[in-house]
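Line order of the protein sequences matches chains A and B.
Using this note's numbering, the first residue of the first sequence is number 1, and each one after it goes up by one.
Using this note's numbering, the first residue of the second sequence is number 1001, and each one after it goes up by one.
2 protein chains.
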Amino acid sequence: MSLSFEIVAGSEAGGRRGLLHLPHRSVQTPVFMPVGTAGTVKAVPQDTLESLGAEIILGNTYHLYLRPGHELIRRLGGLHRFISWPRGLLTDSGGFQVFSLSALRKVSDEGVRFRSHLDGSSHFFTPEHSMDVQIALGADIAMAFDECTEYPAVRSRAEESLRLTMAWACRSLDHFRAHRNEVVWRDELRVPQIPPLGPGNCAAEGRTQSLFGIVQGGMYTDLRRECAARLVDMDFDGYAIGGLSVGEPRALTLEMIAEVLPLLPAGKPRYVMGVGYPDEIEQYARMGVDMMDCVLPTRAARHGLLFTSEGRLNIKAKRYAEDQDPPDPTCNCPVCRRYTRAYLRHLMQAGEALSATLNTIHNLAYYFAVMERVRKSLHPQG
Amino acid sequence: MSLSFEIVAGSEAGGRRGLLHLPHRSVQTPVFMPVGTAGTVKAVPQDTLESLGAEIILGNTYHLYLRPGHELIRRLGGLHRFISWPRGLLTDSGGFQVFSLSALRKVSDEGVRFRSHLDGSSHFFTPEHSMDVQIALGADIAMAFDECTEYPAVRSRAEESLRLTMAWACRSLDHFRAHRNEVVWRDELRVPQIPPLGPGNCAAEGRTQSLFGIVQGGMYTDLRRECAARLVDMDFDGYAIGGLSVGEPRALTLEMIAEVLPLLPAGKPRYVMGVGYPDEIEQYARMGVDMMDCVLPTRAARHGLLFTSEGRLNIKAKRYAEDQDPPDPTCNCPVCRRYTRAYLRHLMQAGEALSATLNTIHNLAYYFAVMERVRKSLHPQG
C-alpha cells in the first residue's frame, strides 16, 4: 500500500476537498506545493515552512541527481531526512528540467542524453534510471518519466512526443513496481543508527512510495484524451497533467485541464503541474484539481513581485519608499504582521538577503490562504 | 536622562555582570551585539534574532545615511520602527566606514569629504552632521564622530589623528547635547499616526538617546591614556575603545584594552568596538568589557565558517559531505537541533540562500552562548 485518498466534500462544479494520506503526512487538498528545487524552498527555513502550513513540498530530481547526488541522499536516509523535512515530499521525474535547463539534449526511444547545466558533464536518463533516482531520493510521491512537449508543436511532433511519453510511462511503472519497496525508509533496519522521523514515519505500517502518471499530448485534445485513457488503464496511484504553462495562452491551459479532468479516476488525486497565478490555482482547484505546484510565488518573490488581495505589487517601485502599510493589509502572515512596504523595498534596493526570505514567506502564505479559502468553501470541517 | 547602568555582580579579574537600561530594552551585559549594517542582520529575520536572545543590534550610520537616507528613516519613525526592531539599537558614527569603505577620503579639521562606495557621489561628514544623522536614526546609543587611526601608524600620525578625534568628540558632544531631545520617539506626538512600539517604548518616561565617546590613540599607550582621561572629563554616557582589530597582533589589542579599561569610570558601560573571535570576546568580557560588536560571526557564516565547541569548522570541506552530525553536537541552537553538516555543506555547494541564514543563526547562537556563559560565571542570578 502506498497512498490513500479520502474525499471529504465536493461541489457541483467538480471541486473536491480531500485528505491525501501519504507515508509522511496526511495532506489537506486541494493543496499548493512549494518548489524546493535543490532540497530547499529557496531562502526559507524548514520551520518557517511548517509554521506557514506547508504540508508537502517538491524536490527536483534533475537538480538533486546532479548535486549532491541521489546515492549520497539515499545513504543519508533519503531526502526527507537529508533536508530535515518530516512532512510530505514529491519529486518530479527530471524530464521537465532536462527539457528546460540542460544543453545538447538528445532524445531516443531509450532515453535522453543531456549535458549538465552546472558543469557540462554528459548524462543519460531513461525511465528506469529516473525511477532508480526517485526511489533513492525517497519522496512520498514519484513521477513517471515523460517528455514535455514544447509549445507550439505541430501535430506530428506532439504525436511523436506522446508516443515516447506512453512508452516511458509503461517502463516507469514496471520498474517502479519492481523496486518501490527499496526506498530507504521502507525498512529502517537499513539505517539503524538513525532514529525514525517521528509520528510521520509510517514505514512500520508497510507503506511505501507512490507513482503518478503524467498526461501529455501538447495542445491537442484528442491526444490528451488518448493519453489519459491509456494511463488510467495502467492504474497509477495518481495522475498529473503536464506540459502546461509552457508558453500557451491561458485559455488553452484551461481547455486542456477541462478536457482531461473528467477522464481521470474520481477516487485518485489529480495534479496539474507547474501552475500558476493565484487566480489560476483557485480556478483549477474549484474544477477538481487536487494538487498544484509552481515556482511562481517563490521566484517572483525574489524579484520583488508580491501577490496581495489588492493585486500584484512590485515592491521595488519608488512609490513604496515611504509606505508604512504592510505588503497586504488583509494578510495575517508573519511578514505582513511585522514589516512595512518601505522596509521591504529598502531590502530589495540594498540587495539584502533578507529580502528574498521575507518576500517568499509572504507569497507562500498568500498562496496557502487561497487554497485554504477554496477548501473551506467546499465544507465540511469549515 | 538617557541610559542607566546597573552592575549586579563582579569578579576579581575585573569582569562585571550588569543591566544596561536603554529606552527600548534592558540589556544584560556583558553583551555581544550583532551588526545590522543596512538595517538588517544579514540573512536573519528579526523574529529569529529575538528568539536567539539578541537584545541590542548595531546599525551602520554610513550605510543608512547613503541608503535609504536618514531623513527617510526619521520620517518613518526612526530606525527601530523602520526595521521593526523594538529592542536595543546602537549606531556607529560613520567614521570607521568612511575610513574603510569610501574612496577619495579627504580629512580636514572641519570633517571628512568622501565618495560613496555605492555611486561615487561626494559627501561631507562633520561631527555635527554625524550627530544629526544619528539623531534622525534614533538608536538608543549614538557614537561620537572619530577618526580611526590606521595600523601601523607612526607616532606623529597617531598624534595628529588623536588631535582630530578629541576636537571632534567635543563638537559631537556639544551638538548632541543641544539636540538629543529631538529624536523622533522622544515625543510620540511628532508621529501621531504611529502607535507606540509597545512596552519597550520609554519615551513617556522622559528618556532619550545616549552618546558614547571613543578612545583612540593608535597603539601608543600614553596617547590612549591621554585620550581616555580627556574623554572622561567630558562626561559621556559610556565609553568605547576604538581603532582596534585593524590589523594589529592580538597581543597589542589586548594590551591597549588592558591599558584603557582601568581609566574608564566603573559605573558606566565600556564598549570595545569591532572584536572578535569567540575566545577574544570571552577574554575581554572577563576583564570588564561590557559591550562588543563584530561582523565576524555573521560575515564568516556567509563564507561557510562555523564557530563550534570543537573549534572552527569550514562547512564547505568535502569531509562533511556525508556527515550527519549537527554543526556543533553540544549546541542547542535551532540549526544544530534540526540540520546536519551534510545538509549545510550541500546548501553552500549549491549556492543556496538558506545557507547564509542557517550558518548565521548558528554563529550568532554560539556567540550569545559564550556571553551567557561569562554572565553566569559572574553570578548572581545564575
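Glycine residues also receive a C-beta, built at the ideal position from the N, C-alpha and C atoms.
Using the C-alpha atoms, what's the distance from residue j back to residue i?
i, j, result
"A:PRO393", "B:ASN1181", "Since the first and last residues shown for chain A are 1 and 382, residue 393 of chain A lies out of range."
"B:GLY1267", "A:TYR367", "54 Å"
"B:ASN1060", "B:GLY1036", "7 Å"
"A:SER2", "A:HIS21", "9 Å"
"B:PRO1199", "A:GLU322", "Low confidence applies here, because B:PRO1199 scores a pLDDT of 44, under 50, leaving its location unreliable and the question unanswered by this model."
"A:GLY14", "A:ARG286", "7 Å"
"B:ALA1342", "B:ARG1207", "49 Å"
"A:PHE125", "A:CYS227", "22 Å"
"A:LEU384", "A:GLY18", "Given that chain A is displayed from residue 1 to residue 382, the structure contains no residue 384 of chain A and the question cannot be resolved."
"B:THR1357", "B:VAL1275", "22 Å"
"A:GLU128", "B:ARG1375", "60 Å"
"B:GLN1283", "B:SER1084", "33 Å"
"B:VAL1335", "A:PHE96", "33 Å"
"B:THR1165", "B:TYR1220", "15 Å"
"B:LEU1064", "B:THR1308", "32 Å"
"A:VAL107", "A:ALA251", "30 Å"
"A:HIS123", "A:PHE114", "5 Å"
"A:GLN134", "A:ARG74", "10 Å"
"A:LEU66", "B:SER1121", "45 Å"
"B:ASP1233", "B:GLU1159", "19 Å"
"A:ILE57", "B:LEU1313", "30 Å"
"A:HIS70", "B:PHE1032", "41 Å"
"A:GLY94", "A:ALA240", "15 Å"
"B:GLN1349", "A:VAL44", "17 Å"
According to the neighbour-count rule (16 or more other Cβ atoms, all chains shown, within 10 Å of its Cβ), is residue i buried or exposed?
i, result
"B:ALA1178", "exposed"
"A:ASN332", "exposed"
"B:SER1355", "buried"
"B:ARG1373", "exposed"
"A:THR330", "exposed"
"A:VAL154", "exposed"
"A:PRO303", "The sequence given here has His at residue 303 of chain A, not Pro. So A:HIS303 ends up on the exposed side."
"A:GLY311", "exposed"
"B:LEU1173", "buried"
"A:LEU118", "exposed"
"A:ALA229", "exposed"
"A:ASP237", "buried"
When DSSP labels each residue in this structure, what does residue i get in the three-state scheme?
i, result
"B:PRO1380", "coil"
"B:HIS1021", "strand"
"B:TYR1320", "helix"
"A:TYR277", "coil"
"A:GLN209", "coil"
"A:CYS384", "Given a span of 1 to 382 for chain A in the structure shown, any question on residue 384 of chain A remains unanswerable."
"B:ILE1257", "helix"
"A:ILE135", "helix"
"B:MET1033", "strand"
"B:GLN1349", "helix"
"B:LEU1066", "helix"
"B:LEU1089", "strand"
"B:HIS1303", "coil"
"B:HIS1123", "strand"
"A:GLY242", "coil"
"A:ALA38", "coil"
Quick one, are the C-beta atoms of residue i and residue j less than 8 Å apart?
i, j, result
"A:GLU55", "A:ARG25", "yes"
"A:LEU261", "A:ARG270", "yes"
"B:PRO1327", "B:LEU1305", "no"
"B:ALA1353", "A:ALA353", "yes"
"B:MET1371", "B:PRO1030", "yes"
"A:VAL27", "A:PRO34", "no"
"B:ALA1176", "B:ALA1142", "Residue 1176 of chain B is actually Phe in this sequence, not Ala. Result yes, Cβ atoms of B:PHE1176 and B:ALA1142 sit closer than 8 Å."
"A:LEU76", "A:GLY39", "no"
"B:LEU1089", "B:ASP1140", "yes"
"A:ASP92", "A:ALA167", "no"
"A:GLY288", "A:GLN209", "no"
"B:ILE1281", "B:MET1291", "no"
"B:ASN1359", "B:ALA1301", "yes"
"B:PRO1265", "B:ALA1009", "no"
Taking residue i as the query, report the chain E residues whose CB atoms sit under 7 Å from its CB, ordered along the chain.
i, result
"A:ALA38", "The chain labelled as chain E is not found among the protein chains of the depicted structure, namely A and B."
Cβ of residue i versus every heavy atom of the ligand FAD: is any distance shorter than 7 Å?
i, result
"A:ASP119", "The ligand FAD is absent from the structure shown, which contains no ligand whatsoever."
Specify whether the segment 209-223 of chain A and the segment 100-120 of chain A touch according to this definition: at least 3 beta carbon pairs, one from each stretch, less than 8 Å apart. Of all C-beta pairs linking the segment 209-223 of chain A to the segment 100-120 of chain A, fewer than three are shorter than 8 Å, placing the two stretches out of contact.
Are the segment 1245-1252 of chain B and the segment 1141-1151 of chain B in contact at 8 Å, needing three or more beta carbon pairs? The segment 1245-1252 of chain B makes contact with the segment 1141-1151 of chain B, as at least three CB pairs between them are under 8 Å.
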